[in-house]
Amino acid sequence: MPGPRLLSQRISEGDGIAIIAQVDTAEAARLAEQHGAKAVAASRHVPGIREATSLPLLWLGPAAPAEADACAFRPDAGEGDSAVELVAEVRDGEELEDVLERFDPEIFMLVARPEDDDLEPLDAVLELLPDVPAGKLAIAHVEVSSRDEVLALERAGMDAVLVPARDVPGLVGHTPLDV
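Residue numbers (my numbering): 5 to 183.
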């Protein structure tokens with residue numbers, strides 16, 4: 005039985021921004037790991053995911069399953085399962101401030117608000133980043149379509165980006181040696 009898989013540790017280690025692959029099958033999780041993802045995320049039960057990958061699993065849905073290593077929570081829904089690492093999902097400065105006061109999590113997932121027409125989603129996420137305190141980790145939950153956008157997030161100080169599993173090979177930026 006492998007030890008705990010700490011999401012914070014995986015996205016902090018190594019150079020560059022970490023890619024977190026959103027998966028819906030065990031095969032997608034296995035391929036994401038082979039292509040260099042640092043973690044996987046799911047919002048529904050994925051049979052066989054623990055056998056398919058050794059990467060940390062970030063749970064995006066309600067009621068985290070036992071195999072989850074980290075769990076995203078919305079500030080208005082309260083804190084998630086304290087048996088796993090908590091990732092605060094925030095959409096604006098007010099939510100971020102509220103989460104810091106009430107929960108003080110180690111990891112924040114910055115999400116662009118769909119109704120924010122003034123900014124492109126990438127810019128909206130980057131606008132939230134300076135409000136994340138030093139020493140905390142930030143995951144961008146925003147659609148990226150190119151390695152250049154991933155690098156822009158990295159240059160701005162983002163620690164990780166959540167992407168669809170199918171996009172991992174083109175966004176990682178290198179070919180892992182063990183593929």
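Virtual Cβ for every residue (Gly too), placed ideally from N, Cα, C.
Do residue i and residue j have their C-beta atoms within less than 8 Å of each other?
i, j, result
"S192", "L35", "Because the chain spans 5 through 183 in this model, residue 192 falls outside it and cannot be assessed."
"I21", "L166", "no"
"L157", "D135", "no"
"L132", "D163", "no"
"V91", "A74", "yes"
"A116", "V154", "no"
"D102", "P79", "yes"
"E110", "E89", "yes"
Between the options, which has its C-alpha nearest residue i's C-alpha?
i, options, result
"V148", "A138, L130 and A74", "L130"
"A67", "A81, D127 and R170", "A81"
"G161", "G174, P173 and L114", "L114"
"R151", "G177, R159, A128 and E31", "G177"
"P60", "P79, A33, V172 and E124", "A33"
"A41", "A76, G52 and L11", "L11"
"D19", "D108, R159, P168 and P173", "R159"
"V172", "A30, L104, Q26 and L62", "Q26"
"F77", "E98, D28 and F112", "F112"
What residue range does the beta strand (DSSP E) around residue i cover?
i, result
"A56", "First-last for A56: I53 to A56, but that is the alpha helix (DSSP H), not the beta strand (DSSP E)."
"L141", "L141 to H145"
"A74", "A74 to F77"
To the nearest angstrom, how far is the alpha carbon of residue i from that of residue j?
i, j, result
"G7", "T57", "Because the pLDDT at G7 is just 49, under 50, the model does not fix this residue reliably, and the value given afterwards should be weighed accordingly. Between G7 and T57, the C-alpha separation is close to 13 Å."
"A72", "I15", "16 Å"
"A144", "V94", "10 Å"
"R170", "A138", "32 Å"
"G52", "V44", "13 Å"
"A87", "R54", "18 Å"
Could you please give the first and the last residue of the uninterrupted alpha helix (DSSP H) stretch that includes residue i?
i, result
"L130", "P125 to L132"
"V154", "R151 to A160"
"L11", "L11 to S16"
Among all the DSSP beta bridges, which residues are the ones paired with residue i?
i, result
"E93", "M113"
"Q38", "None, per the DSSP bridge assignment."
"P168", "Q26"
"L61", "V44"
Kindly say whether residue i, judged by its beta-carbon, lies nearer than 8 Å to any beta-carbon of chain B.
i, result
"L35", "Judged by its chain identifiers, the structure shown contains no chain B, having just a single protein chain."
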